[in-house]
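Colleague:
Next up, the structure:
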């Protein structure tokens, strides 16, 4: 373990109105899967299947945020953040995926929003963070068009209850990952292995985003964004085959999800032809103007020509037969998850977005950035966050309009297919007792926020 000073030198000054926050998601922290009228989600079913979760765990209890949210709000208040990004569980609010709204489910988010506002913290709900109602998946899930329409109706129900107190909204979290890992490779819920047959799930999520924007606007929402995952794509070499493979990977994981929203078109006509429905009409809905654009950043991707065999990179298994093969990034520190620590990749990404999208790019908010490390004395996490905040400031100095930054995550939690083996939290959770213990990184970030507020 590399020795890292607990409180590095002061960070550069961010704008006074800059929004500081932390993020979580319902499926990873709430627990209480059988309480308050909540229905089964795809992740409940996926975790119950043998071999799906690496440590054999599930999220039935998770960190028990459903019952312990007052304690978690106190942690947020003590931390000093201005905003808290959480997600609303679709199966808790509309158990059948469509139709009747579960008032008890909305009651929980009512209580959470009121507690946050009483603590002086802005609630920033994400309407979908991967926990599709299983009944919706049984009918085809995001592979069918109706799911986008049902999602918009659910968004309307949430806004009808919370819209008088919630200013900022996020429609979807990381549709690229659900498409790739959930429908393409089968490593996340719902566990389908469709490869390029997963592309309809991408389109229908984007359509659901656009329809949800319409629903939120109709309820008076004036600050709406999305949380898309992005990272620079680096070619494994200057060879034409590697550059071609890297460009296609970048198209599928970055431009496929940004271009429709920001430019009103898909980045490749051949890919667009694989999508269902009247794509041109759908794009008019998908590209409805946003108030800000959320980016989740973790690391770049190094990509080269196919290797003719299955590989595993950063915990993701890549089968043979694809026209690209991600590689491990060498020469950089690694998190406990095996992800490369490349702060300058964030600067590169943001400047690249600024150059590609120009005036079509609304202000940016970093909706997730964080790392997995063990231990309560987590100097590596401090170094990670410190480096990425400096990289973010460098992008802003280069002219990129960034309005906020959210750390992933407030709490250690159920880390999807990894179970409880990865810890991203500023707060340690003992999974046997559910005791919360702030880590060194929590104390460091609290000091950062005090310094930023004082200037």
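Residue numbers (this note's numbering): -6 to 448. Each residue gets a CB set at the ideal place from its N, CA and C atoms; glycine is no exception. This structure is a prediction, so every number in the text was calculated from the model and none was measured.
Roughly how many whole angstroms lie between the Cα atoms of residue 439 and residue 410?
Modeller: Using only the alpha carbons, I get a separation of about 30 angstroms.
Colleague: Which value, in whole angstroms, describes the spacing of the CA atoms of residue 240 and residue 249?
Modeller: C-alpha separation (whole angstroms): 12 angstroms.
Colleague: Quick one: using the 10 Å Cβ neighbour count with 16 as the cut-off for buried, is residue 43 buried or exposed?
Modeller: That one is exposed.
Colleague: At the level of alpha carbons, what is the spacing between residue 399 and residue 356?
Modeller: One C-alpha to the other measures close to 15 angstroms.
Colleague: Using alpha carbons as the reference points, say which of 321, 337 and 27 lies closest to residue 331.
Modeller: The shortest Cα separation from residue 331 among 321, 337 and 27 belongs to 321.
Colleague: According to DSSP, which residues form a beta bridge with residue 104?
Modeller: None; residue 104 has no bridge partner.
Colleague: Would you call the region 363 to 380 and the region 432 to 446 touching, i.e. three or more CB-CB distances under 8 angstroms?
Modeller: The region 363 to 380 is in contact with the region 432 to 446.
Colleague: Just the C-alpha distance for residue -6 and residue 336, rounded to the nearest angstrom, thanks.
Modeller: Confidence in residue -6 is poor, its pLDDT being 42 and thus under 50, which makes the residue's placement too unreliable to answer from.
Colleague: In chain order, which beta strand (DSSP E) runs of at least 3 residues are fully inside the region 307 to 393?
Modeller: Fully enclosed beta strand (DSSP E) runs of 3 or longer: 309 to 311, 318 to 320 and 357 to 361.
Colleague: In whole angstroms, what is the alpha-carbon distance linking residue 266 and residue 132?
Modeller: Taking the straight line from one Cα to the other gives about 24 angstroms.
Colleague: What span of residues does the alpha helix (DSSP H) with residue 279 cover, start to end?
Modeller: Residues 272 to 279.
Colleague: When we look at the beta-carbon of residue 6 and count the other beta-carbons within 10 Å, is it buried (16 or more) or exposed?
Modeller: Exposed is the call here.
Colleague: Which residues bound the alpha helix (DSSP H) around residue 454?
Modeller: Look at the range of the chain in this structure, -6 to 448, and you will see that residue 454 is not part of it.
Colleague: Decide if residue 88 is buried, meaning its Cβ has at least 16 other Cβ atoms within 10 Å, or exposed.
Modeller: Flag for residue 88 reads buried.
Colleague: Within a Cβ cutoff of 7 angstroms, which residues of the same chain sit near residue 160, ignoring the five residues on either side of it in sequence?
Modeller: Around residue 160: 115 and 216.
Colleague: Taking the straight line between their C-alpha atoms, what separation do you get for residue 61 and residue 33?
Modeller: Rounded to the nearest angstrom, the two C-alpha atoms are 21 angstroms apart.
Colleague: Rounded to the nearest angstrom, what separates residue 450 and residue 317 at their Cα positions?
Modeller: Outside the shown range of the chain, which is -6 to 448, sits residue 450, and nothing can be said about it.
Colleague: I'd like the list of long-range same chain contacts for residue 205, defined as Cβ closer than 7 angstroms, with 5 residues on each side in sequence excluded.
Modeller: Only 120, 144, 145, 148 and 164 meet the Cβ criterion.
Colleague: How many Å lie between residue 365 and residue 40 at the Cα?
Modeller: Taking the straight line joining both Cα atoms gives about 21 angstroms.
Colleague: I want to know whether the region 266 to 278 touches the region 306 to 314 - three or more CB-CB distances under 8 angstroms.
Modeller: No, because fewer than three Cβ pairs between the region 266 to 278 and the region 306 to 314 fall closer than 8 angstroms, the two stretches do not touch.
Colleague: Quick one: give me the first and last residue of the beta strand (DSSP E) that residue 78 is part of.
Modeller: Its beta strand (DSSP E) spans residues 76 to 80.
Colleague: Could you pull out every residue in the same chain whose Cβ sits closer than 6 angstroms to the Cβ of residue 326, ignoring the five residues on either side in sequence?
Modeller: Only 334 meet the Cβ criterion.
Colleague: CA-CA distance, residue 323 and residue 46?
Modeller: Roughly 28 angstroms separates the two Cα atoms.
Colleague: For residue 344 versus residue 287, is the C-beta spacing smaller than 7 angstroms?
Modeller: No; because the gap between Cβ atoms is not below 7 angstroms, this pair is not in contact.
Colleague: DSSP on residue 41, reduced to helix/strand/coil?
Modeller: If DSSP states are grouped into helix, strand and coil, residue 41 belongs with the helices.
Colleague: Alpha carbon to alpha carbon, how far is residue 340 from residue 387? Give it in angstroms, no decimals.
Modeller: One C-alpha to the other measures close to 7 angstroms.
Colleague: What does the Cβ neighbour count give for residue 166, buried or exposed, with the cut at 16 atoms within 10 Å?
Modeller: Answer is buried; the Cβ neighbour count reaches 16.
Colleague: Per DSSP, which one or two residues make a beta bridge with residue 13?
Modeller: In the DSSP output, where bridge partners are listed per residue, residue 13 has 398.
Colleague: Please classify residue 500: does DSSP put it in a helix, a strand, or coil?
Modeller: Any question about residue 500 goes unanswered here, given that the chain covers just -6 to 448.
Colleague: Below 6 angstroms CB to CB, which residues in the same chain sit around residue 362 once its five sequence neighbours on both sides are set aside?
Modeller: The answer, listed in chain order, is 290 and 381.
Colleague: Just grab the DSSP bridge partners of residue 228 for me.
Modeller: Answer is 296.
Colleague: Run through DSSP, which three-state label would residue 23 get?
Modeller: Here residue 23 sits in coil by DSSP.
Colleague: Short of 8 angstroms in beta carbon distance, which residues of its chain neighbour residue 70, apart from the five on each side in sequence? Order them along the chain.
Modeller: Only 112, 113 and 114 meet the Cβ criterion.
Colleague: To the nearest whole angstrom, what separates the beta carbons of residue 229 and residue 296, a pair I think is in contact under 8 angstroms?
Modeller: At roughly 6 angstroms, the Cβ-Cβ gap stays under 8 angstroms, so residue 229 and residue 296 are in contact.
Colleague: Among 348, 429, 403 and 219, which residue has its Cα nearest to the Cα of residue 391?
Modeller: With distances taken between Cα atoms, residue 391 lies closest to 348.
Colleague: Please report the distance separating the alpha-carbon of residue 254 from that of residue 351.
Modeller: Near 14 angstroms, if we compare the C-alpha coordinates of residue 351 and residue 254.
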